[in-house]
Structure formats: structure tokens, C-alpha cells
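In this note's numbering, the protein residues as written are 1 to 182.
Every residue, glycine too, gets a C-beta built ideally from N, C-alpha and C.
Before any comments, here is the structure.
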Amino acid sequence: MTIHLQTALSRASNFLEIAPIVKNAKEDISFFGGRYIYAEGYEGTVDIDAIAARFMELQETHFEPTDEERKLGREITPLISKLYESNYSRDKNILTRIFCAFRDFLRNVWIFFFARGYGTRGSWSIDDGGIDFFDSYTSSQYQEVFGTPPPTGFIPHIASSGCPDRWFPPGYFNQVRLSDPD
Numbered sequence: 001m002t003i004h005l006q007t008a009l010s011r012a013s014n015f016l017e018i019a020p021i022v023k024n025a026k027e028d029i030s031f032f033g034g035r036y037i038y039a040e041g042y043e044g045t046v047d048i049d050a051i052a053a054r055f056m057e058l059q060e061t062h063f064e065p066t067d068e069e070r071k072l073g074r075e076i077t078p079l080i081s082k083l084y085e086s087n088y089s090r091d092k093n094i095l096t097r098i099f100c101a102f103r104d105f106l107r108n109v110w111i112f113f114f115a116r117g118y119g120t121r122g123s124w125s126i127d128d129g130g131i132d133f134f135d136s137y138t139s140s141q142y143q144e145v146f147g148t149p150p151p152t153g154f155i156p157h158i159a160s161s162g163c164p165d166r167w168f169p170p171g172y173f174n175q176v177r178l179s180d181p182d
């Protein structure tokens, strides 16, 4: 018996459990402009934002990922971004295109007037799904992995409400700069 996709997402308590859902996820658009996700091996569909929203919730509650979860997170974050890109660039007939435009307009009005921030898609796009999360460490992890407390002062780190601050490993920005082709 297969499990419903929404149930599987709700039960995912770490990045290892959400990874198979993301890897099997496909996007589509209904005739009336509903943007949704389905996944092979799971029943039903969920709104296109459901996977990204759950993934971001895990980043807020499961903030000390293992090395395996870090590797997996770097792998599946771009897959979620690709679901969004594919869905928003999908060819549609004229009626579906009108319905999509109308629904997207209503969603944006709702976000503007009643929601905080940018909505799930906007939040995901602003920081590339929080991929830096998988390259950074909490204070206790930093001390455990690198044998020294995280640097203090004006050192780039990630701070978000409800989560402990995170620091990048020593030399992280030198590695990024060296690997950047520009």
C-alpha cells in the first residue's frame, strides 16, 4: 500500500527522509492553473510549495545535520529549484495560461496583504533554498568539527530567527572565490 504524499512530507523528520520524495517528485499544472507536485511511489498531489516549505521547516528545526544529510541537502536543493523552474516555464494552452496568471495574481495579493515575507517561492528564490545551510555549522558543531570556537567579530555567518547562528568553515570564502570562474 502506498502512502499519501502529504502524509509522507508531514512525517519526514530529517533530510534523509525527505530526499526520496524530492528525487521522485514531478511537477504539473492543472487545467484551471493549479501548480502541483506528485511523486512516483506516493499517492495524491500537493501544492507546488509543499516540498520547499517542508524542506525549509526542516532547516529551522533540524539545524545540526549529519555529514550524510549535508551531502544529500546539497544534492536535493537544486532539484527543488528545478521543480519551480520547470513548472513556471511549462507550456500551457491559452485558457490554462489565463488561469495560471489569475491564480498567481491572487496568491501574490494574498502574500502582500496577509502573509509575512515573500511566500514560500519567494523565500526559496531569495537564498537558493538555503543551500548555504549545508555548508555552515552551529557553534557546537563548529567547535566539534574544527576544534576551535567559531570566530567572533565581523565574520560572515548566517543568522535567522528561531535558529541558532551558523558559521562557515575556515577558508570557505577563499574556496568559493577560487572556484568562481569570473
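Counting beta carbon pairs with one atom in the region 29-36 and one in the region 73-82, are three or more of them shorter than 8 Å?
With a cut-off of 8 Å, the region 29-36 and the region 73-82 do not count as touching, because too few Cβ pairs lie within range.
What is the DSSP secondary structure of residue 98, counted as helix, strand or coil?
Residue 98: helix per DSSP, three-state reduction.
Using a Cβ distance threshold of 8 Å, determine whether the region 81-92 contacts the region 43-51, with at least three qualifying pairs required.
In short, these stretches touch, since the Cβ pair count reaches three.
Should residue 11 go down as buried or exposed, given a rule of 16 or more other Cβ atoms within 10 Å for buried?
Exposed: under 16 other Cβ atoms inside 10 Å.
Can you give the Cα-Cα distance for residue 47 and residue 125, rounded to whole angstroms?
If I take the Cα positions, the gap works out to 17 Å.
Take residue 21 and list the residues in its own chain whose beta-carbon comes closer than 8 Å to its own, dropping the five residues that flank it on each side.
Cβ within range, chain order: 5, 8, 9, 12, 39, 42 and 51.
Residue 119 and residue 111 look like a contact to me (Cβ under 8 Å); what is the Cβ gap, rounded to whole Å?
Indeed they touch by this definition, with Cβ atoms about 4 Å apart.
According to DSSP, is residue 70 part of a helix, a strand, or is it coil?
Three-state result, residue 70: helix.
With residue 60 and residue 16 assumed to form a contact (beta carbons below 8 Å), what rounded beta-carbon distance in angstroms separates them?
About 17 Å separates the two Cβ atoms, so there is no contact after all.
Taking the C-alpha atoms as reference points, what is the distance between residue 138 and residue 79?
The straight-line gap from Cα to Cα measures roughly 25 Å.
Measure the Cβ-Cβ separation of residue 136 and residue 166 and say whether it is below 8 Å.
Cβ atoms of residue 136 and residue 166: closer than 8 Å.
Considering residue 38, what are the terminal residues of the beta strand (DSSP E) in which it resides?
35-39 is the span of the beta strand (DSSP E), which, as asked, contains residue 38.
Would you call residue 168 buried or exposed, if buried means 16 or more other Cβ atoms sit within 10 Å of its Cβ?
Buried, because 16 or more other Cβ atoms sit within 10 Å of the Cβ of residue 168.
Leaving out the 5 sequence neighbours to the left and right, which residues in its chain are closer than 8 Å to residue 95 when beta-carbon positions are compared?
Closer than 8 Å at the Cβ level, and outside the excluded window around residue 95, lie 31.
Quick check: the Cα distance between residue 100 and residue 152, rounded to an integer number of angstroms?
For residue 100 and residue 152, the distance between alpha carbons rounds to 48 Å.
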